[in-house]
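Chains W and Y supply the protein sequences, listed in that same order.
All residue numbers in the first sequence are consecutive under my numbering, ending with 1418.
All residue numbers in the second sequence are consecutive under my numbering, ending with 1418.
The C-beta atom is built at its ideal place from N, Cα and C for all residues, glycine as well.
The block underneath contains the structure these notes are about, expressed in structure tokens.
Number of protein chains: 2
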Amino acid sequence: VEVPDRAPGKRKGRRPGGEDTRGAVLAAAREQFAEHGYDKASVRAIARQAGVDSALVHHFFGTKDQLFRQALEFPLDPRAIIDVVLAGDLDGMGERIARFALSLWEEPVVRTRLLATLRAAATNERAAQMVREFVKRELVEVVAARLDLPDAQLRVELIASQIVGLAMTRYVIGMQPLASAEIEQLIALAGPALQSYLTP
Amino acid sequence: VEVPDRAPGKRKGRRPGGEDTRGAVLAAAREQFAEHGYDKASVRAIARQAGVDSALVHHFFGTKDQLFRQALEFPLDPRAIIDVVLAGDLDGMGERIARFALSLWEEPVVRTRLLATLRAAATNERAAQMVREFVKRELVEVVAARLDLPDAQLRVELIASQIVGLAMTRYVIGMQPLASAEIEQLIALAGPALQSYLTP
Chain W
1219 VEVPDRAPGK
1229 RKGRRPGGED
1239 TRGAVLAAAR
1249 EQFAEHGYDK
1259 ASVRAIARQA
1269 GVDSALVHHF
1279 FGTKDQLFRQ
1289 ALEFPLDPRA
1299 IIDVVLAGDL
1309 DGMGERIARF
1319 ALSLWEEPVV
1329 RTRLLATLRA
1339 AATNERAAQM
1349 VREFVKRELV
1359 EVVAARLDLP
1369 DAQLRVELIA
1379 SQIVGLAMTR
1389 YVIGMQPLAS
1399 AEIEQLIALA
1409 GPALQSYLTP
Chain Y
1219 VEVPDRAPGK
1229 RKGRRPGGED
1239 TRGAVLAAAR
1249 EQFAEHGYDK
1259 ASVRAIARQA
1269 GVDSALVHHF
1279 FGTKDQLFRQ
1289 ALEFPLDPRA
1299 IIDVVLAGDL
1309 DGMGERIARF
1319 ALSLWEEPVV
1329 RTRLLATLRA
1339 AATNERAAQM
1349 VREFVKRELV
1359 EVVAARLDLP
1369 DAQLRVELIA
1379 SQIVGLAMTR
1389 YVIGMQPLAS
1399 AEIEQLIALA
1409 GPALQSYLTP
């Protein structure tokens, strides 16, 4: 599992365009997108949080949506997901997916980025489009092609829908007892539900 | 299916029940619910802030939960959901829930308000708190109390998570083929997944 890492060498005295600055801008972007959603987040606020000028952000990252895409591409490496999903037999796939997703979200950095992506997608059509295209091309099509099931893409997307819904209700809405349930209990319940999507 | 309606007596002029009063009451309700949460907000305080009598608020908006739904534009009457969910045996409950949710969202008005609620909850902690408290008290606790299952509340919330996830991926993110799938096909696939949460 590739856990997104912080920019290396966080030191004082950042140089414009250096690794430190890039990392600071991307971290600020993820935080601002997560907190305010795509529309309300501003490049100015992102630049301010990163301690740099807006013009520098535009120069190195382009437009707001280009910055978003760069910030977005970090939550997960789709290849890592695919490796886990396909590493084993079909019978255990539901549980593997549930365990992978729920374990990953225990990482605060991953969770912050996932929620930033969800909030952006929920409030902005272009962000939704970015997520949609990215997930379909990098994840759904690849996994579905390896499954010998009718309507494989639809089934994979329904699994994704349960994963998205878990993130929304557990971390965003914070429903209780769901938000504080142990992940092993959630895996035991969600695994069979996901598995049912893999049962023709 | 009860589609949220406007209160009766929609007239012009600054009379009790007129547009001005309605707007003032709804604005006060949003503020009080946002500030104090669903449980602690009181109709009396809302009426006071709007400069009207509590009896008038009840007359035009109904009970506290009806007022809340109108203020937040919450798309569903929890009692209607509960009636459908509990009207039949446990074996068919997953399919009934899937059919109810997916059919309801075909109504543009319901869908618009559902998505407004989801977006508000996704981007605003106070809205999330309101949704969380409202759903728990009016829906999760009532349904769970009628189910003879261990961890009944958690199971009901996991079902809610799948419903939320379906709304997000089908209508907000717009994943394909999920977004354009026929609802009968989705019911056939999601019904068993929801049912697995009802299987001890």
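Beta carbon proximity, residue i to chain C, threshold 7 Å
i	result
Met1348/W	Of the protein chains in this structure, namely W and Y, none is chain C.
Any C-beta of chain Y under 7 Å from that of residue i
i	result
Ala1339/W	yes
Glu1359/W	no
Arg1224/W	Because the pLDDT of Arg1224/W is 42, which lies under 50, any placement of that residue in the model is unreliable, and the question is left without a value.
Tyr1415/W	yes
Ser1379/W	yes
Ile1420/W	The requested residue 1420/W does not occur in the structure, where chain W is confined to residues 1219 to 1418.
Thr1367/W	The sequence given here has Leu at residue 1367/W, not Thr. No, Leu1367/W lies away from the interface with chain Y (no Cβ there is under 7 Å from its Cβ).
Leu1384/W	yes
Leu1372/W	yes
Ala1419/W	Outside the modelled stretch of chain W, which goes from 1219 to 1418, sits residue 1419/W, for which no answer is possible.
Ala1399/W	yes
Cβ of residue i within 7 Å of any chain W Cβ
i	result
Thr1387/Y	yes
Gly1409/Y	no
Glu1253/Y	no
Glu1375/Y	yes
Pro1395/Y	yes
Ala1363/Y	no
Val1303/Y	no
Arg1232/Y	Because the pLDDT at Arg1232/Y is just 45, under 50, the model does not fix this residue reliably, and the value given afterwards should be weighed accordingly. False, the Cβ-Cβ gap to chain W never drops below 7 Å.
Gly1227/Y	Confidence at Gly1227/Y is low in this model, with a pLDDT of 42, below 50, so the placement of that residue should be treated as unreliable; the coordinate-derived value is given next. Output row for Gly1227/Y: interface = no.
Glu1220/Y	Below a pLDDT of 50, predicted positions are generally treated as unreliable, and Glu1220/Y, at 42, falls in that range; no measurement from the model is reported.
For residue i, the nearest candidate out of the options (CA to CA)
i	options	result
Leu1333/Y	Leu1412/Y, Arg1388/Y and Lys1258/Y	Arg1388/Y
Lys1282/W	Gly1306/W, Asp1257/W and Gly1241/W	Asp1257/W
Arg1337/Y	His1277/W, Arg1331/W, Ala1346/W and Tyr1415/W	Ala1346/W
Ala1246/W	Asp1238/W, Ala1265/W and Leu1320/W	Ala1265/W
Ala1316/Y	Gly1241/Y, Ser1398/Y, Leu1384/Y and Ala1242/Y	Leu1384/Y
Gly1241/W	Ala1399/W, Arg1364/W, Val1270/W and Gly1392/W	Val1270/W
Asp1301/Y	Glu1400/Y, Phe1318/Y and Leu1285/Y	Phe1318/Y
Ser1414/W	Arg1287/W, Leu1274/W, Leu1322/W and Gly1312/W	Gly1312/W
Glu1324/W	Leu1407/W, Ser1398/W and Gly1280/W	Ser1398/W
Leu1376/W	Ile1405/Y, Leu1244/Y and Lys1354/Y	Ile1405/Y
Lys1354/W	Val1360/Y, Val1353/Y, Gln1371/Y and Ile1391/Y	Ile1391/Y
Leu1294/Y	Val1275/Y, Leu1274/Y, Asp1307/Y and Arg1331/Y	Arg1331/Y
Thr1239/W	Glu1400/W, Arg1262/W, Val1275/W and Ala1263/W	Val1275/W
Glu1351/W	Met1393/Y, Val1382/Y and Asp1307/Y	Met1393/Y
Leu1365/Y	Ile1381/Y, Asp1307/Y and Glu1400/Y	Asp1307/Y
Gln1403/Y	Val1382/W, Ala1408/W, Gln1380/W and Asp1369/W	Asp1369/W
Supposed contact pair residue j and residue i - C-beta distance, whole angstroms, cut 8 Å
i	j	result
Glu1356/W	Pro1418/W	Glu1356/W to Pro1418/W, Cβ: 25 Å. No contact.
Gln1267/W	Glu1253/W	Actually they do not touch by this definition, with Cβ atoms about 10 Å apart.
Ala1411/W	Ala1378/Y	With 8 Å as the limit, Ala1411/W and Ala1378/Y do not qualify as a contact, their Cβ atoms being about 13 Å apart.
Val1374/Y	Ala1362/Y	5 Å
Leu1367/Y	Leu1416/Y	7 Å
Asn1342/W	Gly1236/W	At roughly 30 Å, the Cβ-Cβ gap does not stay under 8 Å, so Asn1342/W and Gly1236/W are not in contact.
Phe1251/Y	Phe1286/Y	6 Å
Leu1320/W	Val1328/W	Not really, about 11 Å apart at Cβ, beyond 8 Å.
Met1386/Y	Ala1259/W	Wrong, their Cβ atoms sit about 19 Å apart, outside the cutoff.
Gln1371/W	Pro1395/Y	6 Å
Ala1289/W	Leu1244/W	5 Å
- request: Could you run through the segment 1305 to 1330 of chain Y and flag, in chain order, every residue whose CB is less than 8 Å away from some CB of chain W?
  value: The residues in question: there are none.
- prompt: Can you list the alpha helix (DSSP H) stretches of 4 or more residues lying completely in the segment 1301 to 1344 of chain Y, in chain order?
  reply: The DSSP assignment places 1311 to 1323 and 1326 to 1341 as complete runs of the alpha helix (DSSP H) inside the segment 1301 to 1344 of chain Y, in order along the chain (cut-off: 4 residues).
- request: Taking only runs that begin and end inside the segment 1256 to 1302 of chain W, name each unbroken alpha helix (DSSP H) of 4 or more residues, in chain order.
  value: Whole alpha helix (DSSP H) segments, 4+ residues: 1261 to 1268, 1272 to 1279 and 1282 to 1290.
- request: Taking a Cβ distance cut-off of 9 Å, strictly less, list which residues of the segment 1276 to 1292 of chain Y are near chain W, in chain order.
  value: Among the residues of the segment 1276 to 1292 of chain Y, none has a Cβ less than 9 Å away from any Cβ of chain W.
field: Complete runs of the alpha helix (DSSP H) confined to the segment 1365 to 1400 of chain W [at least 4 residues]
entry: The segment 1365 to 1400 of chain W contains these whole alpha helix (DSSP H) runs: 1370 to 1385.
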